[in-house]
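Participant: One structure, as structure tokens, below. Some questions next.
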Amino acid sequence: MSDTAGASPAQPGDGRALGPGTGSSASGRGRARRRRRRWARGTGLAVVVVLLAAAGAGWAVYRKLEGNITPDEAAAAELARFEEERPTALAKDARNILLIGSDSRSGEENARYGRDAGTERSDTVILLHLSAGRRSATAVSVPRDLMVDVPGCRRPDGSRSEPVFTMFNSAFAVGGSACTIRTVEKLTDIRVDHHVVVDFDGFKEMVDAVGGVEVCLREPVDDEDAGLRLPAGRVTLDGEQALGYVRARKTLGDGSDTSRMERQQRFLGALVNKVSGNDVLLNPVKLYPVLDAATSSLTTDPELASLRGLYDLARGLREIPTARVRFLTVPREPYSGDVNRDQLAQPAAEELFARLRADRPVAVAPAARDPAPDGGPGGVSPAPTFSGNSAAEDICG
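According to our numbering, the sequence shown is numbered sequentially starting from 1197.
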């Protein structure tokens, strides 16, 4: 008799082997397990594919943004040639960045602003000082009509100009960013660590990328030269309108370059506030266009000409409270040889430069309330107050 005679049939879960037809076949639990394994393998593969696609897209975005930036190799070579005559940085970890707004008419988008005569001038030049520890930032506008000593510079055709006493903005026309940097360093004795050049198109794209910037107008503006037709009151400017707003002279303010620089400073303060807001920084859909615009029309020194370089700079700026981001214009007065030109107002100008060189605090009071005609009380006070604006101020205030 078989050992199994009379034994009960094997049951699932009783520890005995299950024979064919009892649940272990391809139509039973084995098939279910294999389906689960195939599903798990398929899901895992899908996750890997998604991650690889995301990484690939991230790398493509990184390469795209990095490729937007133009390194200013020619300026680096020219500055290296004159390294021995350049100022020495006095404050460790402080940084001085020269921001240059180029009025280049080259290119399809910029041609509408006038004929390209083969040269370009610096419509706007701002020396941005970032304090050590990034506790504050001071942006100093240099008037384009300021009379200065421009050193001999290398022209685009390779020839060299002669040193000359002339208007500040001619330095960029003669020798580009390197000549402008050397002129600023000669004027201030402040070492310029980095520089950024932005043209008309880059400025417009940046404003459009943040959804426009709000300004306040006391009365309507109708300026054919600037291409502006705006109502009075609060107005959100798009990129094209913003360019006209910061460049206009005839219909806004008193028609002077001083008034225009103050308007540029207030507008840049409003733009800083808009970009630094969480609505932009924490929203990838909004952040990418800002990054794309911010890099598309930039020419920078080689050290900044990468996302890493720009990120390190932006990270330092992000840590500075907007109340400590200040804008002012270098103290100046009418030039003795021509009232339509400017010259440095002393001793206020040298006091400002000395404070920036030593990374000492710079106090700023609103221009409208500044009682000192030369931009500040000079060396009378240990902490003189200069005429300017804070980025935290409401541009409509």
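Even for Gly, the Cβ is constructed at its ideal location relative to N, Cα and C. Computed from a predicted model, the values in this text were never measured in an experiment.
#1: Would you kindly work out how many angstroms separate the C-alpha atoms of Asn-1365 and Gly-1505, rounded to a whole number?
#2: Regarding Gly-1505 and the ligand MG, is the C-beta to nearest heavy atom distance less than 7 Å?
#3: For Tyr-1258, does the count of other Cβ atoms within 10 angstroms reach 16, so buried, or fall short, so exposed?
#4: Give the DSSP-derived three-state secondary structure of Val-1338 in the structure shown.
#5: Which residues share a DSSP beta bridge with Pro-1530?
#6: Contact between the stretch 1282-1294 and the stretch 1348-1363: three or more CB pairs below 8 Å?
#7: Checking the sheet assignment: what are the DSSP bridge partners for Leu-1286?
#8: For Thr-1384, count neighbouring Cβ atoms within 10 angstroms of its own Cβ and tell me buried if that reaches 16, exposed if not.
#9: Grab me the residues of Thr-1432's own chain with a C-beta within less than 6 Å of its C-beta, minus the 5 sequence neighbours each way, in chain order.
#10: So, helix, strand or coil for Cys-1412, using DSSP?
#11: Hey, would you say Val-1392 sits closer than 8 Å to Leu-1467, going by beta carbons?
#12: Where does Phe-1364 fall in DSSP's three states?
#13: Among the residues of its own chain, which have a CB less than 7 Å from the CB of Val-1471, if the five just before and after it don't count?
#14: Please classify Thr-1284: is it buried, with 16 or more other beta-carbons within 10 angstroms of its beta-carbon, or exposed?
#15: Do His-1325 and Leu-1552 have their CB atoms nearer than 8 Å?
#16: Please report the straight-line C-alpha distance between Pro-1267 and Thr-1496, rounded to a whole angstrom.
#17: Taking Cβ to Cβ, would you say Phe-1463 is nearer than 8 Å to Ala-1335?
#18: Nearest to Arg-1330 by CA position, among Cys-1412, Thr-1518, Gly-1297, Pro-1416, is which residue?
#19: In terms of residue numbering, what span does the beta strand (DSSP E) encompassing Arg-1291 cover?
#20: The beta strand (DSSP E) that contains Thr-1432, what's its start and end?
#21: For Ile-1265, which of helix, strand or coil comes out of DSSP?
Facilitator: By the coordinates alone:
#1: Here residue 1365 refers to the residue found at position 169 of the sequence shown. Here residue 1505 refers to the residue found at position 309 of the sequence shown. Computed Cα separation, rounded: 27 Å.
#2: Summarising the ligand content, the structure contains no ligands, and the ligand MG is consequently not present.
#3: Counting from one through the sequence shown, the residue named residue 1258 turns up at place 62. Tyr-1258 comes out exposed.
#4: In the sequence shown, residue 1338 corresponds to position 142, counting from 1. If DSSP states are grouped into helix, strand and coil, Val-1338 belongs with coil.
#5: Against the sequence shown, residue 1530 aligns to sequence position 334. DSSP, once it has assigned bridges, lists Asp-1538 as partnering Pro-1530.
#6: no
#7: Within the sequence shown, numbered from 1, the residue matching residue 1286 stands at position 90. None, per the DSSP bridge assignment.
#8: The residue you call residue 1384 lines up with position 188 of the sequence shown. Thr-1384 should be labelled buried.
#9: Taking the first residue of the sequence shown as 1, we reach residue 1432 at position 236. If we look at Thr-1432 and ignore the five residues flanking it on each side, its Cβ neighbours are Gly-1408, Glu-1410.
#10: The residue labelled residue 1412 in the question sits at position 216 within the sequence shown. Here Cys-1412 sits in strand by DSSP.
#11: Position 196 of the sequence shown holds residue 1392. Position 271 of the sequence shown holds residue 1467. Their beta carbons are not under 8 Å apart, which means Val-1392 does not touch Leu-1467 by this criterion.
#12: Looking up residue 1364 in the sequence shown gives position 168. Three-state result, Phe-1364: coil.
#13: Start at 1 with the first residue of the sequence shown, and residue 1471 comes out as number 275. Correct list, in chain order: Val-1406, Val-1486.
#14: Working through the sequence shown from its first residue, we reach residue 1284 at position 88. Per the 10 Å Cβ criterion, exposed.
#15: Walking along the sequence shown from the start, residue 1325 turns up at place 129. Walking along the sequence shown from the start, residue 1552 turns up at place 356. Cβ distance < 8 Å, so His-1325 and Leu-1552 count as in contact.
#16: What you label residue 1267 is simply residue 71 of the sequence shown in a count that begins at 1. What you label residue 1496 is simply residue 300 of the sequence shown in a count that begins at 1. One C-alpha to the other measures close to 5 Å.
#17: By 1-based counting over the sequence shown, the position of residue 1463 is 267. By 1-based counting over the sequence shown, the position of residue 1335 is 139. No, they are not a contact pair.
#18: Here residue 1330 corresponds to residue number 134 of the sequence shown, with the count starting at 1. When only C-alpha atoms are compared, the closest one is Thr-1518.
#19: Here residue 1291 is taken as the residue at index 95 of the sequence shown, counted from 1. Segment 1291-1298, the beta strand (DSSP E) holding Arg-1291.
#20: Here residue 1432 refers to the residue found at position 236 when the sequence shown is read from its first residue. Taken as a continuous stretch (DSSP letters only), the beta strand (DSSP E) holding Thr-1432 covers 1429-1433.
#21: Position 69 of the sequence shown, counted from the first residue, corresponds to residue 1265. Of the three classes helix, strand and coil, the one that applies to Ile-1265 here is coil, per DSSP.
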